[in-house]
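If you count the sequence shown from 1, position 90 lands on 90 in full-length UniProt numbering, and the numbers rise without skipping. Here the structure comes first, spelled out in structure tokens, and everything after it is commentary.
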Amino acid sequence: MSHIYQPVMIKKLLLSEGKAHKSEIAQEILSFDSSQVEYYEKVTNNMVGRVLRSHDIVEKEKNHYTLKNYKNLSPKEIEEIIQLCETKIQEYLKKRGMAIWEHRRRNRKPISGSVRYQVLKRAYGRCELCGVSKEEKALEVDHIVPKNLGGEDSINNYQALCFTCNANKRDTDNTDFRELEGYYNTKDTTCIFCNGNFQKIFENNLAFSFLDRYPVTNFHTLIIPKRHCSTFFDLTQAELNAIYGLAQKVKEQIIAKDSSVGGFNIGFNAEEAAGQTVNHCHMHVIPRRKGDVENPIGGIRNVIAGKGQY
């Protein structure tokens, strides 16, 4: 078994005389998910507990909350307050329904298991923000650009975040997304890459690839973001994901076409001092073959003469 889900479900069915509703099984699985407890602990401290403390209803000592004046309440008063709370809960549910949980499900459609697997595989099973392992903390598939701010359901817009980083993301990201819709459509009318007519090899929502017009070797390919930006350092994480995904496809296609390819030089020229001639970020994928130069040792170190061998 690859997860605790299966034994938890079997156990629940056995304890329920062989039959249980899917919601009952889900509740059982949820009871083992500490990341959900961690989420509501944060809600308790940062929202609920703070409000009740400000109204002098509860007090907090370290990780424990105490209802003030509880010892002065009679059993009848306790029962009356419980009933009042239940009434308020039902009134609120009747008024708002599932909308009260929109912060946990806004604009979301289920992410398939295969896509989730790809995202976690790409992240090597670690949170892409803090680096914690999936063995230490549950990882979630997060939209880099939030759905409610125009982010799309795309492998390029997904990242693996642990629960804590995902929950804190809203508080730490102060990017102004009001112009987001047009951001990735930014073009430069003077840029030959923005205005060129290229025969695209591969394409996704944020990038595309094409053969270099002045190839260093056969099948020398360029991968560029659709948005006009100057250098590698201007790329967003979503664009990096998009370019990385295309690089894998380009590599596989080249190897399938030419079995003599034994390696690749991959890289960016950033700024004029580093040899950049087109002011639109582009990644070179240069196939290498045994014997194409007398001594390939050092690879890209040879951009400065005499520094390749060490």
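Virtual Cβ for every residue (Gly too), placed ideally from N, Cα, C.
Residue i: first and last residue of the uninterrupted alpha helix (DSSP H) it sits in
{"i": "N241", "result": "Q237 to K257"}
{"i": "C194", "result": "I192 to N195"}
{"i": "Y40", "result": "S34 to V43"}
{"i": "A26", "result": "K22 to L30"}
{"i": "R53", "result": "G49 to S54"}
{"i": "P75", "result": "P75 to R96"}
Start-to-end residues for the beta strand (DSSP E) that takes in residue i
{"i": "G267", "result": "V261 to F268"}
{"i": "T66", "result": "H64 to L67"}
{"i": "S114", "result": "That residue, S114, is in no beta strand (DSSP E); its alpha helix (DSSP H) goes G113 to R122."}
{"i": "S209", "result": "A207 to L211"}
{"i": "E59", "result": "V58 to E61"}
{"i": "P7", "result": "No beta strand (DSSP E) contains P7, which is instead part of the alpha helix (DSSP H) from Y5 to L15."}
{"i": "E140", "result": "L139 to H143"}
{"i": "Y158", "result": "Y158 to C162"}
{"i": "V285", "result": "M283 to R289"}
{"i": "P225", "result": "T221 to P225"}
Member of the options whose CA lies at the smallest distance from the CA of residue i
{"i": "E294", "options": "S154, L73, Q309 and T231", "result": "Q309"}
{"i": "A167", "options": "S31, S16, K42 and N302", "result": "K42"}
{"i": "N197", "options": "I89, K121 and R213", "result": "R213"}
{"i": "G150", "options": "C165, S209 and Y184", "result": "Y184"}
{"i": "K60", "options": "N46, N72 and L73", "result": "N46"}
{"i": "V145", "options": "E86, K169, V132 and V51", "result": "K169"}
{"i": "I29", "options": "S230, G18, I82 and V8", "result": "V8"}
{"i": "C130", "options": "T164, K121 and E152", "result": "T164"}
{"i": "K134", "options": "G291, I300, S34 and I255", "result": "S34"}
{"i": "E152", "options": "I111, K121 and E91", "result": "I111"}
{"i": "I255", "options": "R288, K88 and V119", "result": "R288"}
{"i": "S114", "options": "T277, S154 and I78", "result": "S154"}
{"i": "N63", "options": "L52, T44, I223 and L240", "result": "T44"}
Residue i classed as buried or exposed, judged by whether at least 16 other C-beta atoms fall within 10 angstroms
{"i": "A238", "result": "buried"}
{"i": "A242", "result": "buried"}
{"i": "P75", "result": "exposed"}
{"i": "R106", "result": "Only weak support is given to the placement of R106: the predicted model assigns it a pLDDT of 48, under 50, and the value that follows is read from those uncertain coordinates. Label assigned to R106: exposed."}
{"i": "G245", "result": "buried"}
{"i": "A305", "result": "exposed"}
{"i": "C281", "result": "buried"}
{"i": "F193", "result": "buried"}
{"i": "K68", "result": "exposed"}
{"i": "K94", "result": "exposed"}
{"i": "H143", "result": "buried"}
{"i": "K121", "result": "exposed"}
{"i": "K226", "result": "buried"}
{"i": "Y119", "result": "In the sequence as presented, Tyr is not what sits at residue 119; that position holds Val. Looking at its Cβ environment, which holds 16 or more other Cβ atoms inside 10 Å, V119 is buried."}
{"i": "I223", "result": "buried"}
Distance CB(residue i)-CB(residue j) smaller than 8 Å
{"i": "T217", "j": "I286", "result": "yes"}
{"i": "T221", "j": "L235", "result": "no"}
{"i": "F268", "j": "F232", "result": "yes"}
{"i": "N156", "j": "L206", "result": "yes"}
{"i": "G49", "j": "Y39", "result": "no"}
{"i": "I4", "j": "F32", "result": "yes"}
{"i": "residue 321", "j": "G298", "result": "Outside the displayed range of the chain (1 to 310) lies residue 321, so it cannot be described from this structure."}
{"i": "D188", "j": "H228", "result": "yes"}
{"i": "S230", "j": "N279", "result": "yes"}
Next on the checklist: When you compare the region 20-36 with the region 111-131, are there three or more beta-carbon pairs, one atom per stretch, that lie closer than 8 Å?
Outcome noted: No, because fewer than three Cβ pairs between the region 20-36 and the region 111-131 fall closer than 8 Å, the two stretches do not touch.
Next on the checklist: Under 8 Å, with one C-beta from each stretch per pair, do the region 195-210 and the region 246-255 reach the 3-pair mark?
Outcome noted: Under the Cβ criterion (8 Å, minimum of three pairs), the region 195-210 counts as touching the region 246-255.
Checklist entry - Touching or not, the region 254-263 and the region 209-227, by the rule of three or more beta carbon pairs under 8 Å? => result When C-beta atoms of the region 254-263 are compared with those of the region 209-227, three or more pairs fall below 8 Å, so the two segments count as touching.
Checklist entry - When the Cβ atoms of the region 157-166 are set against those of the region 133-140, are three or more pairs found closer than 8 Å? => result Result yes; three or more Cβ-Cβ pairs closer than 8 Å.
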